[in-house]
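Peer 1:
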């Protein structure tokens with residue numbers, strides 16, 4: 001029996017937009033506060049582990065504001081972890097280049113092959129360090145040189161909200177004896 005998963009987007013009623021704007025502003029504020037608190041080597045080393053960032057960060061960050069729904073809290077925490085995880089590879093490249101300053105002028109493809117990293121990451125970090133070099137000082141510590149900031153109007157639903165965990169209704173279409181059936 002084969003199954004097809006059908007997904008589609010819905011237009012939300014205009015009346016809830018002010019509430020969503022408010023929730024998004026809270027989300028941005030919370031994520032930026034968490035990033036500032038978690039921006040250290042210890043947290044980045046924890047996030048090198050496999051698994052959801054939510055489970056790793058939940059031990060360090062508690063939901064003090066009980067009026068924020070737990071699903072919003074969990075998804076915001078997962079997004080915070082994803083933002084911090086995205087900095088781990090950049091940090092490794094940055095520290096290598098600052099340790100060996102001549103690599104600023106290497107071809108990004110050659111350096112990317114050497115480091116086994118993305119050429120685009122390498123190029124962006126080389127440009128960042130060149131800008132510092134022009135100002136006359138290269139900051140050796142990546143945590144001081146870079147301060148990640150979240151400024152997007154998005155929510156994620158990948159923390160632990162899934163069909164498998166019963167968080168969404170599932171419509172399943174299947175075919176039996178040439179007839180199509182829908183199961184909720």
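Numbering (full-length UniProt numbering), first residue to last: 1 to 184. C-beta: ideal position from N, C-alpha, C; glycine also. None of these values were measured; they are calculated from a predicted model.
1) Within 10 angstroms of its Cβ, does residue 3 collect 16 or more other Cβ (buried), or is it exposed?
2) Does the distance from the CB of residue 47 to the CB of residue 84 come in under 8 Å?
3) What is the C-beta distance between residue 87 and residue 108, in whole angstroms, given that I count them as a contact (C-beta under 8 Å)?
4) Alpha carbon to alpha carbon, what distance is there between residue 75 and residue 104?
5) Look up residue 3 in the DSSP assignment and say whether it is helix, strand or coil.
6) Please classify residue 34 as buried or exposed, where buried requires at least 16 other C-beta atoms within 10 Å of its C-beta.
7) Going straight from the alpha carbon of residue 140 to that of residue 15, what length do you get?
8) With distances taken from CA atoms, which of 133, 116, 151 is nearest residue 92?
9) Quick one: measure Cβ to Cβ for residue 57 and residue 77, integer angstroms, because I've assumed they're closer than 8 Å.
10) Pop quiz: residue 151 and residue 24 are said to be a contact at Cβ under 8 Å. What is the actual Cβ separation, rounded to whole angstroms?
11) Unbroken alpha helix (DSSP H) runs of length 4 or more, entirely within the region 9-44: which are they?
12) If you reduce the DSSP assignment to three classes, tell me which class residue 145 lands in.
13) Among the residues of its own chain, which have a CB less than 7 Å from the CB of residue 90, if the five just before and after it don't count?
14) Shorter than 7 Å, the distance from the beta carbon of residue 65 to the closest heavy atom of the ligand ATP, or not?
15) With burial defined as no fewer than 16 other Cβ atoms inside 10 Å of the residue's Cβ, what is the status of residue 114: buried or exposed?
16) Between the alpha carbons of residue 50 and residue 67, how many angstroms are there, rounded?
17) Report back the beta-carbon spacing between residue 129 and residue 98 to the nearest angstrom; my notes put them in contact at under 8 Å.
Peer 2: Based on what the coordinates show:
1) As a working mapping, residue 3 is identified with position 3 in the chain shown. When all chains shown are included, residue 3 counts as exposed.
2) Within the chain shown, the letter at position 47 stands for residue 47. Within the chain shown, the letter at position 84 stands for residue 84. For residue 47 and residue 84, yes; Cβs fall inside 8 Å.
3) In the chain shown, counting from the first residue as 1, residue 87 sits at position 87. In the chain shown, counting from the first residue as 1, residue 108 sits at position 108. In fact, because the Cβ distance is near 19 Å, the residues do not count as touching under 8 Å.
4) Taking the chain shown and counting its residues from 1, the one referred to as residue 104 is at position 104. Taking the chain shown and counting its residues from 1, the one referred to as residue 75 is at position 75. Each residue's Cα considered, the two are about 37 Å apart.
5) Sequence index remark: in the chain shown, residue 3 carries index 3 (1-based). In the structure shown, residue 3 sits in a strand (DSSP, three-state: E or B).
6) As a working mapping, residue 34 is identified with position 34 in the chain shown. Buried, since its Cβ has 16 or more Cβ neighbours within 10 Å.
7) In the chain shown, the residue the question calls residue 140 occupies position 140. In the chain shown, the residue the question calls residue 15 occupies position 15. The straight-line gap from Cα to Cα measures roughly 50 Å.
8) Here the question's residue 92 lines up with position 92 in the chain shown. It is 116.
9) Sequence index remark: in the chain shown, residue 57 carries index 57 (1-based). Sequence index remark: in the chain shown, residue 77 carries index 77 (1-based). Contact holds; Cβ gap of about 5 Å.
10) Counting from one through the chain shown, the residue named residue 151 turns up at place 151. Counting from one through the chain shown, the residue named residue 24 turns up at place 24. Contact doesn't hold; Cβ gap of about 11 Å is too wide.
11) For the alpha helix (DSSP H) assignment, the uninterrupted runs of no fewer than 4 residues enclosed by the region 9-44 are, from N- to C-terminal side, 17-38.
12) Walking along the chain shown from the start, residue 145 turns up at place 145. Correct three-state label for residue 145: helix.
13) Stepping through the chain shown from its first residue, residue 90 is reached at position 90. Counting only Cβ-Cβ distances below 7 Å, and skipping sequence neighbours, we find 121, 125.
14) This structure simply doesn't include the ligand ATP, nor any ligand for that matter.
15) Indexing the chain shown from 1 puts residue 114 at position 114. Looking at its Cβ environment, which holds fewer than 16 other Cβ atoms inside 10 Å, residue 114 is exposed.
16) As a first step, residue 50 must be located in the chain shown, where it is residue number 50. As a first step, residue 67 must be located in the chain shown, where it is residue number 67. One C-alpha to the other measures close to 31 Å.
17) On the chain shown, position 129 is the one that residue 129 refers to. On the chain shown, position 98 is the one that residue 98 refers to. Between residue 98 and residue 129 the Cβ distance is about 7 Å, and since that is below 8 Å, they are a contact.
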